[in-house]
Amino acid sequence: PKVKFNEKETLTIVCQFDATPEEPFSFLHNEQPIVPDSRVTTSVEDNKYTIVVKDLRPEEDEGVYTLKSDHLILDTPAITVVPEEKKPKTETTTVEEEKV
Numbered sequence: 547p548k549v550k551f552n553e554k555e556t557l558t559i560v561c562q563f564d565a566t567p568e569e570p571f572s573f574l575h576n577e578q579p580i581v582p583d584s585r586v587t588t589s590v591e592d593n594k595y596t597i598v599v600k601d602l603r604p605e606e607d608e609g610v611y612t613l614k615s616d617h618l619i620l621d622t623p624a625i626t627v628v629p630e631e632k633k634p635k636t637e638t639t640t641v642e643e644e645k646v
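Offset between the sequence shown (1-based) and the numbering used here: plus 546.
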């Protein structure tokens, strides 16, 4: 699986079971519960569990994503987000000489 993403890419993690699990699962990022927001969504559809992280940010979205129940823990490999190369802003300064 892909573990290195570019900044602003979308990360989609899908875990599909053969049958619908009887126990609830929770979504974690670096062992902390994932709180869905405008960039991060989680969904459960029958036997398919999905985490989507849009507009990836270095550091903030890096790490291990986990799907966890009382009896099962599924971890992704460590995800890395490569920062966009910031193009240096070139400033042009014009110096006018005064003629005396």
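Think of the CB as a built atom: it goes at the ideal place given N, C-alpha and C, for glycine as much as any other residue.
Here the structure is a predicted model, which means the values were calculated and not measured.
ask   = In the DSSP assignment, what residue or residues form a beta bridge with residue 622?
value = DSSP lists no partner for residue 622.
ask   = Alpha carbon to alpha carbon, how far is residue 583 from residue 602?
value = 13 Å
Length-filtered (3 minimum) beta strand (DSSP E) runs lying within the region 573–598 = 586–591
request  = On the DSSP bridge assignment, give the partners of residue 628 in chain order.
outcome  = 552
task = Within 10 angstroms of the Cβ of residue 558, are there 16 or more other Cβ atoms? Answer buried if so, exposed if not.
result = exposed
request  = Could you tell me the boundaries of the beta strand (DSSP E) in which residue 613 lies?
outcome  = 611–614
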